[in-house]
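Student:
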Amino acid sequence: MKTSSCLVIVAVSFCLLQSAASAQVSYGAEAYAARQQEEERWRKLNAQVEEVAGTAEVLRRRVQALEEENRTLRSELSRKSENAVSPEEFQRVMKEMADKLKELDSKRISDNKTLMAEVEKLIRNLKPAGGSAPSSPVVVQPPPSQEGYTHIIQPGETISAVVAAFRAQGVRVSVDEVLKANPGLDPRRMSVGQEIFIPKPR
32 MKTSSCLVIV AVSFCLLQSA ASAQVSYGAE AYAARQQEEE RWRKLNAQVE EVAGTAEVLR
92 RRVQALEEEN RTLRSELSRK SENAVSPEEF QRVMKEMADK LKELDSKRIS DNKTLMAEVE
152 KLIRNLKPAG GSAPSSPVVV QPPPSQEGYT HIIQPGETIS AVVAAFRAQG VRVSVDEVLK
212 ANPGLDPRRM SVGQEIFIPK PR
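Under the numbering used here, think of the first position of the sequence shown as 32, with each following residue one higher.
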């Protein structure tokens with residue numbers, strides 16, 4: 032009887048050890064898989080950051096080239112003025128310079144919009160790593176008769192950052208106007224994925 036009890040105890044202990052070993056192997060595999068996923072996510076994020084940096088560098092060089100062209104035009108105008116050009120020639124050069132300056136401003140605005148679009152794309156791809164799931168986003172209903180845009184809050188965004196991004200794209204809106212267009216919106220408690228209404232300036 033005593034021998035049988037010992038055998039039972041040994042068998043139970045062996046089963047428990049096997050269970051514990053299996054659990055450790057399973058946990059180790061899950062941890063390894065999670066680590067691999069995290070490393071892959073960061074590799075993709077770094078690639079996106081490098082892509083945005085490359086785009087910014089290309090745009091910077093384009094602006095430098097446009098500024099150099101502007102300086103050349105000014106120099107040409109100054110030189111022709113010194114040579115006592117005719118009124119017709121002077122008007123032609125002035126018009127040409129005005130057109131070039133207008134083109135320069137237009138290209139700068141276009142380049143800024145391109146860069147902002149790349150940055151917003153990068154922000155949209157950012158996701159919080161681990162932690163508890165964010166609370167359900169609060170959808171604020173805008174006034175039905177008002178025209179504007181819908182913006183989804185991204186990780187780390189503030190109401191000021193959202194307004195600044197829209198202003199950079201030519202939407203001249205203020206923080207106060209956004210708050211008035213979103214009754215009940217608390218700028219200190221905005222959650223990721225929450226939709227807010229950006230009113231279109233009249």
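All C-beta atoms in this analysis are idealised placements derived from N, C-alpha and C, irrespective of residue type, glycine included.
As the structure is a prediction and not an experimental result, all values here were calculated from the model.
Which term fits A212, buried or exposed, when burial requires 16 or more other beta carbons within 10 angstroms of its beta carbon?
Tutor: Counting every other CB atom within 10 Å of its CB across the protein chains shown gives A212 a total of 16 or more, marking it as buried.
Student: Quick check: the segment 81 to 100 against the segment 128 to 148, are there 3 or more CB pairs under 8 angstroms?
Tutor: yes
Student: Can you tell me the Cα-Cα spacing of S205 and F121, whole angstroms?
Tutor: 43 angstroms
Student: Determine whether the beta carbon atoms of I184 and Q225 lie at a separation below 7 angstroms.
Tutor: yes
Student: Verify whether the separation of the beta carbon atoms of F197 and I229 is less than 7 angstroms.
Tutor: yes
Student: What separation, rounded to the nearest whole angstrom, lies between the Cα atoms of Q67 and W73?
Tutor: 10 angstroms
Student: Could you spell out where the alpha helix (DSSP H) holding I190 opens and where it closes?
Tutor: I190 to A199
Student: Please look up how many angstroms separate the CB atoms of L132 and L90, rounded, as I've assumed it's under 8 angstroms.
Tutor: Between L90 and L132 the Cβ distance is about 19 angstroms, and since that is not below 8 angstroms, they are no contact.
Student: On the CB-based measure, 16 or more other CB atoms within 10 Å of its CB, does R102 come out buried or exposed?
Tutor: exposed
Student: Tell me the DSSP secondary structure of E226 in three-state form.
Tutor: strand
Student: Excluding sequence positions up to five away, which residues of its chain have a Cβ less than 7 angstroms from the Cβ of K126?
Tutor: Cβ-Cβ distances below 7 angstroms link K126 to nothing in the same chain once the five nearest sequence neighbours on each side are left out.
Student: Are the Cβ atoms of G187 and K231 separated by less than 7 angstroms?
Tutor: no
Student: Kindly give me the distance between the Cβ atoms of V209 and V194, rounded to whole angstroms, as I take these residues to be in contact under 8 angstroms.
Tutor: With 8 angstroms as the limit, V209 and V194 qualify as a contact, their Cβ atoms being about 6 angstroms apart.
Student: Do you know whose CA, among L76, A129, G215 and A64, lies nearest V150's CA?
Tutor: Measuring from the Cα of V150, the nearest candidate turns out to be L76.
Student: Under a three-way DSSP split, which group does G187 fall into?
Tutor: coil
Student: Hey, how far is the Cα of E134 from the Cα of M128?
Tutor: 10 angstroms
Student: Assign G85 to one of three DSSP states: helix, strand, or coil.
Tutor: helix
Student: From the DSSP output, read off the bridge partner residues of G179.
Tutor: P230
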